[in-house]
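Participant: Sequential numbering of the sequence shown, starting at 122, is according to the numbering used here. By construction, the Cβ of each residue, glycine as well, lies at the ideal position given by its N, Cα and C atoms. Handing you a structure now.
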Amino acid sequence: MDVYEAVDSRRAVRAFSARPVPREALTRVLTAAARAPSSGNLQPWQVYAVSGDPLADLKRQATARALAGDPGDEREYPMYPAVLTAPYRERFAEAAAQRYAALGIAREDPQRPVRIAALNTQAFGAPLVLFCYLDREMGPGQWADAGMYLQTVMLLLRAEGLHSCPQVMWTMYRRTVSRLVGAGDRLVLLCGVAVGFAEEGGSRVRTGRAGITETVRFIGD
Numbered sequence: 122m123d124v125y126e127a128v129d130s131r132r133a134v135r136a137f138s139a140r141p142v143p144r145e146a147l148t149r150v151l152t153a154a155a156r157a158p159s160s161g162n163l164q165p166w167q168v169y170a171v172s173g174d175p176l177a178d179l180k181r182q183a184t185a186r187a188l189a190g191d192p193g194d195e196r197e198y199p200m201y202p203a204v205l206t207a208p209y210r211e212r213f214a215e216a217a218a219q220r221y222a223a224l225g226i227a228r229e230d231p232q233r234p235v236r237i238a239a240l241n242t243q244a245f246g247a248p249l250v251l252f253c254y255l256d257r258e259m260g261p262g263q264w265a266d267a268g269m270y271l272q273t274v275m276l277l278l279r280a281e282g283l284h285s286c287p288q289v290m291w292t293m294y295r296r297t298v299s300r301l302v303g304a305g306d307r308l309v310l311l312c313g314v315a316v317g318f319a320e321e322g323g324s325r326v327r328t329g330r331a332g333i334t335e336t337v338r339f340i341g342d
């Protein structure tokens, strides 16, 4: 797959088929992704690939917490700034409206938070989830490295015909996740990434992006 095609076709899929992710394809992806940029070559990421019965068990536990109205574990890092100003506030609101409309969850639905949480804890039906951790000693530079690594993983998944959906939501159930994967207290969960084949006929919502004139300034010839 052409790199431009991989970038253009990558999206956060929220409807996966039950078709298993081939281990050979996943191994190729994770082996190649190790070439992602890493300042000082620290390679600060630690990944747990969970599927099959262990993932089913994790989904059951997390979904039970969500449906019980459990507010989740205290966050170890902020997902967003405490106050979003323009233009970020507007981008966030528009994307959220598109996502939840595609999932059939109305804004006025009193069960909206619980329904959203339950869909997330099922990883949207994905048969595999990658959980990315970093050592607590790592700083902002290494978190940036992990972001570049995960983007590399998601683009390589497209080359294998697979899709993904990054889910910071899993940090709300980090204790449940860590118990299952065996991550020690020294590690902090950055996010999960749902992986699989897109479900035929599933929602194909594609959120917009700011134009280049909003985000880039050319200086010089």
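What residues in its chain sit with their C-beta under 8 Å from that of D359, if we drop five residues either side in the sequence?
Facilitator: A query on residue 359 cannot be resolved here, the shown segment of the chain reaching from 122 to 342 and no further.
Participant: Any chance the stretch 309-328 sits against the stretch 277-293, with 3 or more Cβ pairs inside 8 Å?
Facilitator: yes
Participant: Would you kindly check if the distance between the Cβ of V142 and the Cβ of P248 is under 8 Å?
Facilitator: Start at 1 with the first residue of the sequence shown, and residue 248 comes out as number 127. Start at 1 with the first residue of the sequence shown, and residue 142 comes out as number 21. A contact, by the Cβ cut-off of 8 Å.
Participant: Under three-state DSSP, which class holds G246?
Facilitator: Within the sequence shown, the letter at position 125 stands for residue 246. Residue state, collapsed to three classes: helix.
Participant: How long is the line joining the alpha carbons of V235 and E197, rounded to whole angstroms?
Facilitator: For this step, residue 235 is matched to residue 114 along the sequence shown. For this step, residue 197 is matched to residue 76 along the sequence shown. Going from the Cα of V235 to the Cα of E197 covers about 22 Å.
Participant: Which residue wins for smallest C-alpha separation from I237, given the options L283, A146, P192?
Facilitator: Locating residue 237 in the sequence shown gives position 116, where the first residue counts as 1. Relative to the Cα of I237, the nearest Cα in the group L283, A146, P192 belongs to P192.
Participant: Take R135 as the anchor and find which of L308, L283, G332 has the nearest alpha-carbon.
Facilitator: Locating residue 135 in the sequence shown gives position 14, where the first residue counts as 1. Comparing Cα-Cα distances from R135 to each of L308, L283, G332, the minimum goes to L283.
Participant: Can you grab the Cα-Cα spacing for the pair S104 / F339, in whole Å?
Facilitator: Only positions 122 to 342 of the chain appear in this structure, which leaves residue 104 out of reach.
Participant: Applying the 10 Å Cβ sphere with the 16-neighbour rule, what's the burial state of F245?
Facilitator: By 1-based counting over the sequence shown, the position of residue 245 is 124. The residue is buried, with at least 16 neighbouring Cβ atoms inside 10 Å.
Participant: In its own chain, which residues sit with a C-beta less than 7 Å from the C-beta of R343, not counting the 5 before and 5 after it?
Facilitator: With the chain covering 122 to 342 only, the question about residue 343 has no answer from this structure.
Participant: List the residues that DSSP assigns as beta-bridge partners of S285.
Facilitator: Against the sequence shown, residue 285 aligns to sequence position 164. The partner list for S285 (beta bridge, DSSP) reads A133, V316.
Participant: Out of curiosity, what's the CA-to-CA distance linking D300 and L179?
Facilitator: Within the sequence shown, residue 300 is the residue found at index 179, counting from 1. Within the sequence shown, residue 179 is the residue found at index 58, counting from 1. It is Arg, not Asp, that sits at residue 300 in the sequence shown. Whole-angstrom Cα-Cα distance: 10 Å.
Participant: With 16 as the cutoff for other CB atoms within 10 Å, does V302 come out buried or exposed?
Facilitator: Translated into positions along the sequence shown, residue 302 becomes position 181. Label assigned to V302: buried.
Participant: Hey, T152 and A187: beta-carbon distance below 8 Å or not?
Facilitator: As a working mapping, residue 152 is identified with position 31 in the sequence shown. As a working mapping, residue 187 is identified with position 66 in the sequence shown. No, they are not a contact pair.
Participant: Applying the 10 Å Cβ sphere with the 16-neighbour rule, what's the burial state of P278?
Facilitator: Locating residue 278 in the sequence shown gives position 157, where the first residue counts as 1. Strictly speaking, residue 278 in this sequence is Leu, with Pro absent from that position. Buried, since its Cβ has 16 or more Cβ neighbours within 10 Å.
Participant: Is the separation between the beta-carbon of L308 and that of T292 shorter than 8 Å?
Facilitator: Stepping through the sequence shown from its first residue, residue 308 is reached at position 187. Stepping through the sequence shown from its first residue, residue 292 is reached at position 171. Not closer than 8 Å, so no.
Participant: Using the rule of at least 16 other Cβ atoms within 10 Å of the residue's Cβ for burial, across every protein chain shown, is A205 buried or exposed?
Facilitator: By 1-based counting over the sequence shown, the position of residue 205 is 84. First, the residue type needs correcting, since residue 205 is Leu and not Ala in the sequence shown. Burial call: exposed.
Participant: Only counting the same chain, and skipping five residues up and downstream in sequence, which positions put a Cβ closer than 8 Å to that of L176?
Facilitator: To locate residue 176, count along the sequence shown from 1; it is residue 55. Excluding residues within five positions, the ones whose Cβ falls inside 8 Å are A244, P248, L249, V250.
Participant: Spatial neighbours of F213 within its chain, please: CB distance less than 8 Å, with the 5 preceding and 5 following residues excluded, ordered by chain position.
Facilitator: The residue you call residue 213 lines up with position 92 of the sequence shown. Hits under 8 Å: Y201, L205.
Participant: Please return the same chain residues whose Cβ sits closer than 6 Å to the Cβ of A170, not counting the five positions on each side in sequence.
Facilitator: As a first step, residue 170 is located in the sequence shown; it is residue number 49 there, counting from the start. Here the set comprises L251.
Participant: Tell me, to the nearest whole angstrom, how far the beta carbon of E281 is from that of V128; I am working on the premise that it is less than 8 Å.
Facilitator: Here residue 281 refers to the residue found at position 160 when the sequence shown is read from its first residue. Here residue 128 refers to the residue found at position 7 when the sequence shown is read from its first residue. Actually they are not in contact, since the Cβ atoms of E281 and V128 sit about 15 Å apart, beyond 8 Å.
Participant: For V337, count neighbouring Cβ atoms within 10 angstroms of its own Cβ and tell me buried if that reaches 16, exposed if not.
Facilitator: Here residue 337 is taken as the residue at index 216 of the sequence shown, counted from 1. With fewer than 16 other Cβ atoms within 10 Å, it is exposed.
Participant: Mind reading off the beta-carbon distance from R327 to R132? Whole number of angstroms is fine, and I expect it under 8 Å.
Facilitator: Stepping through the sequence shown from its first residue, residue 327 is reached at position 206. Stepping through the sequence shown from its first residue, residue 132 is reached at position 11. Sure, about 6 Å apart at Cβ, within 8 Å.
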